[in-house]
Amino acid sequence: MGKKSSFKFILIGVVFLAIASVIFSIPRLYGRANKAEVITISTLKKIINISELSTFQAVYNGIAEVMNENKPDKLDYYVTYNAKVKAGFDLEQVDIDFDEKLKKITITIPEIKITDVVVDIATLDYIFLNDKANKSSVSEQAYKACIEDAKKESAEESAIYELAKQNAQNIMKALINPLIEQLDSDYVLEIK
Amino acid sequence: MKIRKIIALFLVLLLSFTLVSCDKTESKLMTMKLQVSQMKAICELATLEVYYHNVAKYKMEDAEGILFWKKDRHFWIEYSGIVKLGIDASLVAIEVKDDAVAITVPKARVLDKKVDPQSLNKESFIVEKDSAKIRGEDETKAFEEAQENMVLAASKDTALLASAQQRAQILLEEYIKNIGKAVGKEYSIEWKYLDTDGDTSKNIDKESNES
Numbered sequence: 009m010g011k012k013s014s015f016k017f018i019l020i021g022v023v024f025l026a027i028a029s030v031i032f033s034i035p036r037l038y039g040r041a042n043k044a045e046v047i048t049i050s051t052l053k054k055i056i057n058i059s060e061l062s063t064f065q066a067v068y069n070g071i072a073e074v075m076n077e078n079k080p081d082k083l084d085y086y087v088t089y090n091a092k093v094k095a096g097f098d099l100e101q102v103d104i105d106f107d108e109k110l111k112k113i114t115i116t117i118p119e120i121k122i123t124d125v126v127v128d129i130a131t132l133d134y135i136f137l138n139d140k141a142n143k144s145s146v147s148e149q150a151y152k153a154c155i156e157d158a159k160k161e162s163a164e165e166s167a168i169y170e171l172a173k174q175n176a177q178n179i180m181k182a183l184i185n186p187l188i189e190q191l192d193s194d195y196v197l198e199i200k
Numbered sequence: 215m216k217i218r219k220i221i222a223l224f225l226v227l228l229l230s231f232t233l234v235s236c237d238k239t240e241s242k243l244m245t246m247k248l249q250v251s252q253m254k255a256i257c258e259l260a261t262l263e264v265y266y267h268n269v270a271k272y273k274m275e276d277a278e279g280i281l282f283w284k285k286d287r288h289f290w291i292e293y294s295g296i297v298k299l300g301i302d303a304s305l306v307a308i309e310v311k312d313d314a315v316a317i318t319v320p321k322a323r324v325l326d327k328k329v330d331p332q333s334l335n336k337e338s339f340i341v342e343k344d345s346a347k348i349r350g351e352d353e354t355k356a357f358e359e360a361q362e363n364m365v366l367a368a369s370k371d372t373a374l375l376a377s378a379q380q381r382a383q384i385l386l387e388e389y390i391k392n393i394g395k396a397v398g399k400e401y402s403i404e405w406k407y408l409d410t411d412g413d414t415s416k417n418i419d420k421e422s423n424e425s
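Chain order of the listed sequences is A and B.
Just so you know, we're using the working numbering here: the first sequence kicks off at 9 and counts up by one.
Just so you know, we're using the working numbering here: the second sequence kicks off at 215 and counts up by one.
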């Protein structure tokens, strides 16, 4: 008899708890049109998922050297060009780690890559060492040389990658820091 | 009887815990608000540091010689540096009235520049084959001009400046949207732009963020 009544009591308790949970959950689910959101990894992912902010521009106005086609050791001319270089990272690859014990959010930005190099053909300017190279087809040849030069030089320029990463870190801070400051100022944001 | 009491206590504690923890998070979220200091900090973080590789061109006609033997001095210098672009956070004004936010922002501009001195060396010079001799003073002058040239080039780069401006505005909009989501509000944003003289132009656009 004693065991039976204990079981009944537990059952009533569980049912009561379930009803109470449902009652308190309903307003949270449907009561407000704009439900308040707690910071979690998924909400953080949503917050940082802004494609316009994942690419950075660099300016590479350079000088390409064009060698003589028949005598590859002889320089025909130098040509200057204006180019825009885009560097960025894949937002899908951003890693977020949430350590509730240490109160630490760690965001790891993936590898920065050069995504685009555009040379403005209207900006080419020359210094000829071999006047014979100054013929009608020169701009076509020079443009190709400029594209190659801009791609090669920008890919090797570590400052482009470093600055893009620095800009990306600042953007992550700007998106997340204000929210965690207001929600729980004990949390620390680390961006790697 | 004892078991009953323990179970009852456990259930009451469990229920209280659930309610208190929900309430705590909820109350923290509800106290979130738009803060001007945070919005200014966002503007500062929105500043873009742009790698700038550039070519300064130097040409002085009839720099050397006489009559038919006159020569121009013509050379290029290749150098690199960093240009900081963004909006001056000290000029940003924010006004919040209920669900309406009015933000006055200046136009993005070059905030700072730094030429990498190591990028300027003998190899940076490209001299035209018939150019007059390049003197030490020409090099010094060219180095000085290179810095100004970089700022001038960046100041004229409307696409780059527009990108810096857009970045700052997107970050502010996202901040407002996220706070709005937390407190269950839908803020409307009105942008006002300060021109170079510090006057406010008419509202160019008005946005309502969706939550």
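Backbone N, C-alpha and C fix where the C-beta goes; we use that ideal spot for every residue, glycine too.
One finds Phe64, Gln65, Ala66, Val67, Leu171, Asn175 in chain A with Cβ atoms closer than 9 Å to the Cβ of Val264 of chain B, taken in chain order. In summary, Asp157 of chain A is buried, with 16 or more beta-carbon neighbours lying within 10 Å of its beta-carbon over all protein chains present. The alpha helix (DSSP H) runs of length 4 or more contained entirely in the stretch 120-189 of chain A are, from start to end of the chain, 146-164.
Here Asp326 of chain B has Lys298 as same chain residues with Cβ atoms under 7 Å from its own Cβ, once five neighbours each way along the sequence are excluded. Put simply, the backbone Cα of Ile393 of chain B is about 15 Å away from that of Glu309 of chain B.
Against chain A, the CB of Tyr401 of chain B has no partner CB under 8 Å away; the residue lies outside that interface.
DSSP places Asn392 of chain B in the uninterrupted alpha helix (DSSP H) bounded by 372-397.
Take Ile55 of chain A, set aside five residues on each side of it, and the residues of its chain with a beta-carbon closer than 6 Å to its own are Leu183, in chain order. Boundaries of the beta strand (DSSP E) harbouring Ser402 of chain B: 402-408, taken from the DSSP string. If you draw a 10 Å sphere on the C-beta of Ile115 of chain A, you find 16 or more other C-beta atoms in it, and that means buried.
Within chain A, no C-beta atom comes nearer than 7 Å to that of Ala322 of chain B; the closest sits roughly 13 Å away. Per DSSP, Leu325 of chain B is one residue of the beta strand (DSSP E) stretching across 323-329. About 6 Å separates the Cβ atoms of Ile384 of chain B and Glu60 of chain A, confirming a contact at the 8 Å cut-off.
Our two residues, Val315 of chain B and Val306 of chain B, have alpha carbons roughly 13 Å apart in a direct line.
With a cut-off of 8 Å on Cβ pairs, the stretch 276-294 of chain B is in contact with the stretch 340-359 of chain B, counting three or more such pairs. In the DSSP assignment, Leu299 of chain B falls outside any alpha helix (DSSP H) and lies within the beta strand (DSSP E) extending over 285-300. Residue range 250-259 is occupied by the alpha helix (DSSP H) that includes Lys254 of chain B. Contact between Ile291 of chain B and Ser338 of chain B holds: their C-beta atoms lie close to 5 Å from each other, under 8 Å.
Under the three-state reduction of DSSP output, Asn90 of chain A falls in the strand class. Under the Cβ distance rule, Lys109 of chain A does not count among the residues neighbouring chain B, no pair being separated by less than 8 Å. In the displayed model, Gly350 of chain B falls within a helix according to three-state DSSP.
Judged by their CB atoms, Phe136 of chain A and Tyr85 of chain A are nearer to each other than the 8 Å cut-off. Here the stretch 170-177 of chain A makes no contact with the stretch 319-335 of chain B; the two share fewer than three CB pairs at distances below 8 Å. By the Cβ test, the stretch 367-380 of chain B is not in contact with the stretch 100-107 of chain A, since fewer than three Cβ pairs between them sit closer than 8 Å. DSSP places Phe97 of chain A outside both helix and strand once states are collapsed to three, so it counts as coil. With fewer than 16 other CB atoms across the displayed protein chains lying within 10 angstroms of its CB, Asn142 of chain A is exposed.
Setting aside the 5 residues that flank it on each side, Ile256 of chain B is surrounded in the same chain by Leu385, Leu386, Tyr389, each with a C-beta closer than 7 Å to its C-beta; the list follows chain order.
In the three-state reduction of the DSSP assignment, Leu52 of chain A falls in the helix class. Contact between Ala72 of chain A and Ala153 of chain A holds, since their C-beta atoms are separated by about 4 Å, short of 8 Å.
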